[in-house]
Amino acid sequence: MANPSSSTPAQLRRVLGLPALVFFGLVYMVPLTIFTTYGIVTELTGGRTAGAYLVTLVAMLFTAASYSFMVKRLPVAGSAYSYTNMAFGPNIGFLAGWSLLLDYLFLPMINYLLIGLFLNIAFPAVPAWAFVLACIALVTVLNVVGINSVAKTSNLIVGAQIVFIGVFVALSCQTLAGQPLDLLSPLLGDGSKPGFGHLMAGAAVLCLSFLGFDAVSTLAEECRDARRDVPRAIILTTLFAGLLFTLLAYVSQLVLPGSSFANADAAANEVMFKAGGQFLTNFFTAAYVAGSLGSALASQAAVSRILFTMGRDNVLPRRSFGYLSPRFGTPVFAILLVSAFSLLALVIDLATLASLISFGALVAFSAVNLAVVKTHLLDDASQRNAKGLLSYGVVPLVGLGLTLWLWTSLSALTLVIGLCWFALGLAYLAILTAGFRRPVRLVDFTEAA
Numbered sequence: 004m005a006n007p008s009s010s011t012p013a014q015l016r017r018v019l020g021l022p023a024l025v026f027f028g029l030v031y032m033v034p035l036t037i038f039t040t041y042g043i044v045t046e047l048t049g050g051r052t053a054g055a056y057l058v059t060l061v062a063m064l065f066t067a068a069s070y071s072f073m074v075k076r077l078p079v080a081g082s083a084y085s086y087t088n089m090a091f092g093p094n095i096g097f098l099a100g101w102s103l104l105l106d107y108l109f110l111p112m113i114n115y116l117l118i119g120l121f122l123n124i125a126f127p128a129v130p131a132w133a134f135v136l137a138c139i140a141l142v143t144v145l146n147v148v149g150i151n152s153v154a155k156t157s158n159l160i161v162g163a164q165i166v167f168i169g170v171f172v173a174l175s176c177q178t179l180a181g182q183p184l185d186l187l188s189p190l191l192g193d194g195s196k197p198g199f200g201h202l203m204a205g206a207a208v209l210c211l212s213f214l215g216f217d218a219v220s221t222l223a224e225e226c227r228d229a230r231r232d233v234p235r236a237i238i239l240t241t242l243f244a245g246l247l248f249t250l251l252a253y254v255s256q257l258v259l260p261g262s263s264f265a266n267a268d269a270a271a272n273e274v275m276f277k278a279g280g281q282f283l284t285n286f287f288t289a290a291y292v293a294g295s296l297g298s299a300l301a302s303q304a305a306v307s308r309i310l311f312t313m314g315r316d317n318v319l320p321r322r323s324f325g326y327l328s329p330r331f332g333t334p335v336f337a338i339l340l341v342s343a344f345s346l347l348a349l350v351i352d353l354a355t356l357a358s359l360i361s362f363g364a365l366v367a368f369s370a371v372n373l374a375v376v377k378t379h380l381l382d383d384a385s386q387r388n389a390k391g392l393l394s395y396g397v398v399p400l401v402g403l404g405l406t407l408w409l410w411t412s413l414s415a416l417t418l419v420i421g422l423c424w425f426a427l428g429l430a431y432l433a434i435l436t437a438g439f440r441r442p443v444r445l446v447d448f449t450e451a452a
């Protein structure tokens, strides 16, 4: 129903299958996202970006498993917000959702900003702000029309990026043919930044590349068989993307050894030019812009559904946030709000945005790992056997430990900004609950019943 005041809860349309979910996760993560921070992480790790990706992949697989456990038990929209709500109650659930919003609200924006920067370089006669506004308008229309349009567009963009990756690897192999190669250098580095600490610092930055598996869980109420397909899609997205990131970093390091660049922010252009000249550089720009557009499309779809879930539960004003379009079956108000918020891409800088995205993901990952232990072991005595202790105890606690380790490797600026955002959410929660004297409304779990 579209009317939030109706006695029948608003329902999203179940139209997605496993392939669409995997492609959604991949386009959200952007296969070429490795090149956004490639130069920075390569310098930070002393040429061990591929090794850092492997460390991050291991950590993310444990957390992805926790997400898959939770979505089997609770196949609803809302992701970490819903899972933490179920495990620890509405107040803690709200704070988890609030932390997750830090990522989701800014992810579309960082894509718009990157699109404006790259297209302005390619077409200097057109100002960057014009490209930003055009992309915001396009993404908004596609999201309002419905999740099928998002899925179909995502498939095309992932396909184009896979073609580019194939061309990049082929040209790189051609360039490297006949040259003496140190095949272990992408994993061991050039010796300029020895020690595990530098590797972990790089891995902490790279963990944000894996937000796509979390985004898959937000579409549980639009999946035909959420309990079967969403857990599979979460693991497949994480594994496939992590191996792809590692491969691209490995090949890039072989093409351009070392950890020094003329411009770390534009290190990808140096790699592309050496691998395939101006042709590959131009191809990369086109593919990267398309990927950023797809990521903006997917991330806006994800955050609008988190806002819809919070509105449906009266955590946010239900009349606005809990509204679904009668024609398209999409949360129009939430979509338009995210688009308006994304206009900050016209004035904010890339470094600030990158700092704002880091904190919330790791907080949400930690919360979901703890939610698995609470719901599957502490609240369910039937799972306290050898298999249950391994699956719902060891796996999430290892994921929690690795996530906290990555969290402590973030920069001081990121931690300060993240804690300020958390404090703002705590203040809003205090107002919402009249000084914590009454609870936040519980999530409606009828979909999972």
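Here the sequence shown is numbered in our numbering, starting from 4 and rising by one per residue.
The C-beta atom is built at its ideal place from N, Cα and C for all residues, glycine as well.
Identify, in the order they occur along the chain, each residue of the same chain with its Cβ nearer than 6 Å to the Cβ of residue i, setting aside the five sequence neighbours on each side.
i	result
residue 207	409, 412 and 413
residue 399	69, 372, 375 and 376
residue 72	375
residue 63	213 and 241
residue 239	25
residue 366	102
residue 421	362
Please work out which residues of its chain come closer than 7 Å, Cβ to Cβ, to residue i, disregarding the five sequence neighbours upstream and downstream, and give them in chain order.
i	result
residue 407	369
residue 235	21
residue 172	254
residue 2	The requested residue 2 is not part of the displayed model; the chain covers only 4 to 452.
residue 107	302, 305, 306 and 309
Give me whichever residues DSSP pairs with residue i in a beta bridge.
i	result
residue 210	Answer is none; residue 210 lacks a bridge partner.
According to DSSP, is residue i part of a helix, a strand, or is it coil?
i	result
residue 350	coil
residue 185	coil
residue 33	coil
residue 193	coil
residue 440	coil
residue 51	coil
residue 387	coil
residue 257	helix
residue 78	coil
residue 266	coil
residue 372	helix
residue 412	coil
residue 279	helix
residue 406	helix
residue 42	helix
residue 217	helix
residue 396	helix
residue 382	coil
residue 363	helix
residue 421	helix
residue 198	coil
residue 297	helix
residue 119	helix
residue 96	helix
residue 447	Only weak support is given to the placement of residue 447: the predicted model assigns it a pLDDT of 45, under 50, and the question is left unresolved by the model.
Excluding sequence positions up to five away, which residues of its chain have a Cβ less than 8 Å from the Cβ of residue i?
i	result
residue 452	Here residue 452 scores only 29 on pLDDT, less than 50, and its place in the model should not be relied on; the value that follows carries that caveat. Excluding residues within five positions, none has a Cβ falling inside 8 Å.
residue 264	42, 45, 46, 270 and 273
residue 188	50, 256, 257 and 260
residue 439	94, 432 and 433
residue 182	none
residue 179	257 and 258
residue 143	303, 338, 339 and 342
residue 170	279, 283 and 286
Spell out a yes or no on whether the region 382–394 and the region 93–100 are touching, meaning 3 or more CB-CB pairs, one atom from each, closer than 8 Å. no
For the region 372–379 and the region 61–76, state whether three or more C-beta atom pairs, one from each stretch, are separated by less than 8 Å. yes
Pairing CB atoms from the region 339–349 with CB atoms from the region 37–50, are three or more of them under 8 Å? no
What alpha helix (DSSP H) runs, 4 residues minimum, are completely inside the region 127–181? 131–148 and 150–179
Every unbroken beta strand (DSSP E) within the region 308–342, with a cutoff of 3 residues, ordered by chain: none
Flag this pair as touching only if the region 388–398 and the region 319–339 have three or more C-beta atom pairs under 8 Å; answer yes or no. no
Determine contact between the region 328–338 and the region 172–189, defined as no fewer than three beta-carbon pairs at a distance below 8 Å. no
With a threshold of 8 Å, are at least 3 pairs of Cβ atoms found where one atom belongs to the region 194–212 and the other to the region 273–282? no
The region 286–305 touching the region 26–38, judged by at least three CB pairs closer than 8 Å: yes
The region 52–61 contacting the region 226–246, beta-carbon criterion three pairs below 8 Å: yes
At least 3 beta-carbon pairs within less than 8 Å: the region 106–123 vs the region 136–144: yes
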